[in-house]
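2 protein chains.
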Amino acid sequence: MSKTPKQIDHVAILPETVPFVGPEAQERALGKIFAARIGANENVFGPSPKVIEAIKNAAKDVWMYADPEALELREALSEHHGVGVENIVIGGGIDNLLDCATRLYVEPGVNVVTSAGAYPTFNFHVSATGGNLELVPFVNNCEDPDSLLERARETSAKLLYISNPDNPMGTWWDSDDMERMISSIPDGCMMLLDEAYIDTAPAGTAPPIDITNDQILRFRTFSKAYGMAGSRVGYCIGEAGIIRGFEKVRNHFGMNRVALDGALAALKDQDYLAEVVGKIADSREKIAEIAEKHGFKPIPSATNFVAMDCGRDSAYALALMKGLAERGVFIRMPGVEPLSRCIRISAGTAQDLQIFDDALGEIIAEIG
Amino acid sequence: MSKTPKQIDHVAILPETVPFVGPEAQERALGKIFAARIGANENVFGPSPKVIEAIKNAAKDVWMYADPEALELREALSEHHGVGVENIVIGGGIDNLLDCATRLYVEPGVNVVTSAGAYPTFNFHVSATGGNLELVPFVNNCEDPDSLLERARETSAKLLYISNPDNPMGTWWDSDDMERMISSIPDGCMMLLDEAYIDTAPAGTAPPIDITNDQILRFRTFSKAYGMAGSRVGYCIGEAGIIRGFEKVRNHFGMNRVALDGALAALKDQDYLAEVVGKIADSREKIAEIAEKHGFKPIPSATNFVAMDCGRDSAYALALMKGLAERGVFIRMPGVEPLSRCIRISAGTAQDLQIFDDALGEIIAEIG
Numbered sequence: 001m002s003k004t005p006k007q008i009d010h011v012a013i014l015p016e017t018v019p020f021v022g023p024e025a026q027e028r029a030l031g032k033i034f035a036a037r038i039g040a041n042e043n044v045f046g047p048s049p050k051v052i053e054a055i056k057n058a059a060k061d062v063w064m065y066a067d068p069e070a071l072e073l074r075e076a077l078s079e080h081h082g083v084g085v086e087n088i089v090i091g092g093g094i095d096n097l098l099d100c101a102t103r104l105y106v107e108p109g110v111n112v113v114t115s116a117g118a119y120p121t122f123n124f125h126v127s128a129t130g131g132n133l134e135l136v137p138f139v140n141n142c143e144d145p146d147s148l149l150e151r152a153r154e155t156s157a158k159l160l161y162i163s164n165p166d167n168p169m170g171t172w173w174d175s176d177d178m179e180r181m182i183s184s185i186p187d188g189c190m191m192l193l194d195e196a197y198i199d200t201a202p203a204g205t206a207p208p209i210d211i212t213n214d215q216i217l218r219f220r221t222f223s224k225a226y227g228m229a230g231s232r233v234g235y236c237i238g239e240a241g242i243i244r245g246f247e248k249v250r251n252h253f254g255m256n257r258v259a260l261d262g263a264l265a266a267l268k269d270q271d272y273l274a275e276v277v278g279k280i281a282d283s284r285e286k287i288a289e290i291a292e293k294h295g296f297k298p299i300p301s302a303t304n305f306v307a308m309d310c311g312r313d314s315a316y317a318l319a320l321m322k323g324l325a326e327r328g329v330f331i332r333m334p335g336v337e338p339l340s341r342c343i344r345i346s347a348g349t350a351q352d353l354q355i356f357d358d359a360l361g362e363i364i365a366e367i368g
Numbered sequence: 001m002s003k004t005p006k007q008i009d010h011v012a013i014l015p016e017t018v019p020f021v022g023p024e025a026q027e028r029a030l031g032k033i034f035a036a037r038i039g040a041n042e043n044v045f046g047p048s049p050k051v052i053e054a055i056k057n058a059a060k061d062v063w064m065y066a067d068p069e070a071l072e073l074r075e076a077l078s079e080h081h082g083v084g085v086e087n088i089v090i091g092g093g094i095d096n097l098l099d100c101a102t103r104l105y106v107e108p109g110v111n112v113v114t115s116a117g118a119y120p121t122f123n124f125h126v127s128a129t130g131g132n133l134e135l136v137p138f139v140n141n142c143e144d145p146d147s148l149l150e151r152a153r154e155t156s157a158k159l160l161y162i163s164n165p166d167n168p169m170g171t172w173w174d175s176d177d178m179e180r181m182i183s184s185i186p187d188g189c190m191m192l193l194d195e196a197y198i199d200t201a202p203a204g205t206a207p208p209i210d211i212t213n214d215q216i217l218r219f220r221t222f223s224k225a226y227g228m229a230g231s232r233v234g235y236c237i238g239e240a241g242i243i244r245g246f247e248k249v250r251n252h253f254g255m256n257r258v259a260l261d262g263a264l265a266a267l268k269d270q271d272y273l274a275e276v277v278g279k280i281a282d283s284r285e286k287i288a289e290i291a292e293k294h295g296f297k298p299i300p301s302a303t304n305f306v307a308m309d310c311g312r313d314s315a316y317a318l319a320l321m322k323g324l325a326e327r328g329v330f331i332r333m334p335g336v337e338p339l340s341r342c343i344r345i346s347a348g349t350a351q352d353l354q355i356f357d358d359a360l361g362e363i364i365a366e367i368g
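Protein chains in written order, with our numbering: chain A, 1 to 368; chain B, 1 to 368.
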């Protein structure tokens, strides 16, 4: 009999598999490289050339740990957002910061509210801390503030997660709606507002940042519009005392030094960001056209992807996704009904979308 | 009264300060850049030029997430160590992997054994999960296998941490001693063998890797001899079922893509590694000479640093460290008595060590 220690109870019951199989693993299984990589909501247009230059320049410094306070980037973000440096904590992407937030507040017996089909990595972190997930349905393809708030009240939830714009549907609420939601956060609850996709949303989507409110944390990233997914830099904005709490659980020397230099260069090149956001908007339109051409319904999106309602069930969407993969196109689909009637296409180059368009036509011809 | 949720009990009691203030924060406080950065056991000789080239080449790909399975690097490590890819998990440095290990096994009420004054970041992770730290003293400047094992038995500890060679003293046990220790791990206990400094140790320090033993995890890093601290790449080797457990808690899309390419290049350039290890050995000798010149006792080291016994108390060592900082020299010292009678100097260039030597002479002349 094994003498190895037992994993703690709420971890022992977790699966060893995860929701997202990487495109590389799919490529290995298929025996070929994807011709169009438009599944992970990466930014195919890439980061600013200044980011690439900053990374190259930082390469020689890689023998040094990064500044654990990441002060230079925090100061730049502080100026950018008009908040104090004490209101910002840097992490290895939003994933890492959501993980930190769950570790501050969640243990077995704690309720956490999110939407069924919303970002699975958040759920993954909650489960790892033994928290109980309370799931409310999307309404009209949107995460629904009212039912999220109601469930949070009913269950005395400590955390309430919402992404705006949302993933995987791409829908969004405007600033007024969000402000109304923020004003109704129940006592004893922290709202985690994931704004990974805010940079591609219409002006007026983000509610003003109120650093005096200790019931909301805002999560931002360099992975999407800034085109730096592989760098793993995100940040969280909140009331100073709450942000200080992250010091208790974050990996202080965990940031990649080269990535921090890249993020700083990205932030400073807002012209490039605007240019890329334009390209993403054009790509969204093109994806919507392709959807309609094939009889699918594109769901309006404020993100760097478009979910398209394929009009049938998840089995059909899954068959489309698999058929696309076999034809060299990496996409994803929502994992939970009724969202899983859709497939989700990330913004791509004209060539990516042509390949997608052609492949989609072929599969539909094949499977109906 | 604040309506923010309470942090969970075992996190609420933790300090918001951390043991390691970064050199950058010290530079800001001093108003100048360190002339010699020899405090964080970084590798001043830097990584292989091929690593720098790999980082530069990968810069353009930074828009893509890294392969969450990091298969290419794991395959290379598998070949390097003669173990299966299923025996290796990659993480953001050893810190991140120690964090994962504590999350698998530790919760409030669980005992964890380590040495008083050993790696504080491990303790930080244990505390964040609510575990109880059982500390045993160093014996003759060494982490002491016998007393660690005895305390683990007495307290039914689930984790036992030891670093070999050790930090902050630089001492080490040879392979036979380690094998004897491994053969005595108590039932229900997992030994975490931190081998961050193994690459600079004499041949025969590392015990053979036994991937059938599910009571030991071996931690390695690209941060030290490989000169990539700022990249944050480490790995853990263990029995396949235990390694699979990490899938439950690790941040799957958390690795920096550029860093993985760099680590692969580093691993492939073993000639460069050997060259750097030689430079580090020379530097250790030079540090020992400087210690003796000033009447201090260098402690034999198998790492990329040398601890020197300053022959008095922690207040004296602290005064030396502060005086050195004021003179532009970043070093560290152990945080716990009796180790804290020492200062710890990382391997440096000839210039770094000249600056250190001069500054040390000045302070001793000043404070006696």
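We put the CB at the ideal spot given by N, CA and C, even for glycine.
DSSP, reduced to helix, strand and coil, places PRO165 of chain B outside both helices and strands of the structure shown, so it counts as coil.
For MET64 of chain A, a Cβ of chain B is located within less than 7 Å of the residue's own Cβ.
Chain-order list of chain A residues neighbouring PRO47 of chain B: VAL62 and TRP63, by C-beta distance under 7 Å. Note that the C-beta distance between LYS322 of chain A and ASP309 of chain A is not below 7 Å. Across the segment 98-124 of chain B, CB contacts with chain A closer than 9 Å involve ASP99, ARG103, LEU104, TYR105, VAL106, GLU107, PRO108, VAL110, THR121 and PHE124, in sequence order along the chain.
Interface flag for ASP261 of chain B against chain A is unset, since no Cβ pair is found closer than 7 Å. It is roughly 44 Å from the alpha-carbon of ILE90 of chain B to the alpha-carbon of LYS293 of chain A. The beta-carbon of ARG232 of chain B is placed less than 7 Å from the nearest beta-carbon of chain A. Secondary-structure assignment with DSSP links PHE330 of chain B through a beta bridge to B:ARG37. Cβ neighbours of PHE34 of chain B within its own chain (closer than 7 Å, five residues either side excluded): PRO23, GLU27, GLY328, VAL329 and PHE330. Spatial neighbours of ALA70 of chain A in its own chain (CB-CB distance under 7 Å, excluding positions within 5 residues in sequence) are listed in chain order as ILE90, MET255 and LEU260. For SER2 of chain B, the chain A residues whose Cβ falls inside 7 Å of its Cβ are ASP214, in order along the chain. Using a Cβ-Cβ cut-off of 8 Å, MET181 of chain A is close to nothing in chain B; its nearest Cβ partner there is about 15 Å away.
Excluding the 5 residues flanking it on each side, HIS252 of chain A has same chain C-beta neighbours closer than 6 Å at PRO68, in chain order.
Around ILE367 of chain B, the same chain offers ALA319 as residues with beta carbons nearer than 6 Å, after the five sequence neighbours per side are excluded. Inclusion of ALA266 of chain A and PHE222 of chain A in the CB contact set at 7 Å is warranted, their separation being smaller than that value.
When Cβ-Cβ separations below 7 Å define contact, HIS80 of chain A makes no contact with chain B. The C-beta separation of GLU107 of chain B from ILE8 of chain A comes to about 5 Å, placing the pair in contact by the 8 Å criterion.
Here SER127 of chain A carries a helix assignment [DSSP, helix/strand/coil]. Residue burial annotation: ILE162 of chain A is buried, with at least 16 other C-beta atoms found within 10 angstroms of its C-beta. DSSP places MET64 of chain B outside both helix and strand once states are collapsed to three, so it counts as coil. At least 7 Å separates the CB of GLN26 of chain B from every CB of chain A.
The C-alpha of TYR119 of chain A is placed about 25 Å away from the C-alpha of ALA101 of chain B. Between the segment 354-366 of chain A and the segment 47-58 of chain A there are fewer than three inter-stretch CB-CB distances shorter than 8 Å, so the stretches are not counted as touching. Assigned with DSSP and collapsed to three states, GLU69 of chain B falls in coil, not helix or strand. MET190 of chain A reaches chain B at THR4 and PRO5, counting residues in chain order whose Cβ is nearer than 9 Å. In the three-state DSSP reduction, VAL113 of chain B falls in the strand class (E or B). Under the 7 Å criterion on CB atoms, MET178 of chain A is classed as non-interfacial with respect to chain B. With contact defined as three or more Cβ pairs closer than 8 Å, the segment 264-284 of chain B and the segment 268-284 of chain A are not in contact. In the DSSP annotation of this structure, the continuous segment of the beta strand (DSSP E) that includes SER346 of chain B starts and ends at 342-346. Per DSSP, the continuous beta strand (DSSP E) segment holding LEU193 of chain A begins and ends at 190-194.
Distance between MET181 of chain B and VAL112 of chain B, taken at the CA atoms: about 17 Å. At a beta-carbon threshold of 7 Å, the residues of chain B lying near LYS56 of chain A are LYS56 and ALA59, ordered along the chain.
For the pair LYS3 of chain A and GLN215 of chain B, the CB atoms are nearer than the 7 Å cut-off. In chain order, ARG103, LYS248 and VAL249 make up the part of chain B whose C-beta sits under 7 Å from the C-beta of ALA128 of chain A.
Three or more beta-carbon pairs separated by less than 8 Å link the segment 197-208 of chain B to the segment 172-179 of chain B, which places the two stretches in contact.
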